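Student: I have a structure here, written as structure tokens, and I will follow up with some questions on it.
Residue numbers (the UniProt record's numbering): 1 to 239.
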């Protein structure tokens, strides 16, 4: 028998009379979460603090993503000899990171899912067509039978994420078995991505204002991958 997990969903305005698609779920917009985002958005935050606080957000996102996996009823016996009627996860999962920035989210997944299988996919812009192009992919052989947590920190235009899902579906993964997890998204990317894949779920930490003329998310946080890898040495932040 299937059980449906309790989930948190917000219907937020992203423009005049425009709502977040029903397949999009945000983290609870608490003061603590806003404080974490304020730190990682700050251009003066040093690399150590950026790593620490972005990792905290990533773990929250992964935990929320797991809330959307189906469960089945399960009865166990406790050390007191009593029985407990609970639930257990149904089916196997794997993570797939969109390189390069998505790799930063793998550790957060491993922290809460012991021995989880992780695949990788590299998508870059084709210089001739200016369209997203697959350059590399490596997945577990049985990925078609797993629930997939697709990892990428930023959803801007949605081009790379759309291509990644197309590749997963070509490998036999049903659309409804994919959960896309990201730190920051924007209305343009959400409408494009969710319009293309309405059965797929999106877990995002924050929905920003939109894209500027260079297709950068604003206010955003800059280039996530570069900020994770930079060597600038500002003093650590006290809390």
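Beta carbons: idealized from backbone N, C-alpha and C, even for Gly. Note that the structure is predicted; figures quoted are calculated from it, not measured.
Tell me the DSSP bridge mates of residue 182?
Tutor: Answer is 204.
Student: Quick one: measure Cβ to Cβ for residue 172 and residue 27, integer angstroms, because I've assumed they're closer than 8 angstroms.
Tutor: Actually they do not touch by this definition, with Cβ atoms about 30 angstroms apart.
Student: Where does residue 219 fall in DSSP's three states?
Tutor: Three-state result, residue 219: coil.
Student: What does the Cβ neighbour count give for residue 88, buried or exposed, with the cut at 16 atoms within 10 Å?
Tutor: Residue 88 should be labelled exposed.
Student: Count the other CB atoms, across all protein chains shown, that sit within 10 Å of the CB of residue 218; report buried if there are 16 or more and exposed otherwise.
Tutor: Classification of residue 218: exposed, given that the 10 Å Cβ count is below 16.
Student: Taking residue 154 as the reference, give the member of 79, 91, 44 and 98 with the closest Cα.
Tutor: Taking only the C-alpha atoms, the option nearest residue 154 is 98.
Student: On the criterion of 16 or more Cβ atoms from any shown chain inside 10 Å, does residue 82 qualify as buried, or is it exposed?
Tutor: With fewer than 16 Cβ atoms within 10 Å of its Cβ, residue 82 is classed as exposed.
Student: Rounded to whole angstroms, what's the CA-CA distance from residue 165 to residue 79? Just pull it up for me.
Tutor: Between residue 165 and residue 79, the C-alpha separation is close to 44 angstroms.
Student: Grouping DSSP H, G and I as helix and E and B as strand, with all else coil, what is residue 97?
Tutor: In this structure, residue 97 counts as strand in the three-state DSSP scheme.
Student: I'd like the ranges of any alpha helix (DSSP H) spanning at least 4 consecutive residues and lying wholly in the stretch 71-148.
Tutor: You should have 106-112.
Student: Excluding the 5 residues flanking residue 6 on each side, which residues of the same chain have their C-beta closer than 8 angstroms to its C-beta?
Tutor: Confidence at residue 6 is low in this model, with a pLDDT of 40, below 50, so its placement is unreliable and the value that follows should be read with caution. Counting only Cβ-Cβ distances below 8 angstroms, and skipping sequence neighbours, we find 67.
Student: Please confirm whether residue 51 has its beta-carbon closer than 7 angstroms to some beta-carbon of chain C.
Tutor: Of the protein chains in the structure, only one exists, and it is not chain C.
Student: At 3 residues or longer, what runs of the beta strand (DSSP E) sit wholly inside the stretch 15-42?
Tutor: Fully enclosed beta strand (DSSP E) runs of 3 or longer: 24-26.
Student: Along the chain, where does the alpha helix (DSSP H) that runs through residue 229 open and close?
Tutor: 224-229 is the extent of the alpha helix (DSSP H) around residue 229.
Student: Using only alpha-carbon positions, find the residue among 56, 118 and 128 that is nearest to residue 150.
Tutor: Closest option to residue 150, Cα to Cα, is 118.
Student: From residue 240 to residue 139, what distance separates their C-alpha atoms?
Tutor: Nothing in the structure corresponds to residue 240, since the chain is present only between 1 and 239.
Student: Does the structure place the stretch 119-126 close enough to the stretch 91-107 that three or more beta carbon pairs sit under 8 angstroms?
Tutor: Yes, the stretch 91-107 is in contact with the stretch 119-126.
Student: Of all the options 216, 143, 188 and 32, which has the alpha carbon lying nearest to the alpha carbon of residue 162?
Tutor: The shortest Cα separation from residue 162 among 216, 143, 188 and 32 belongs to 188.
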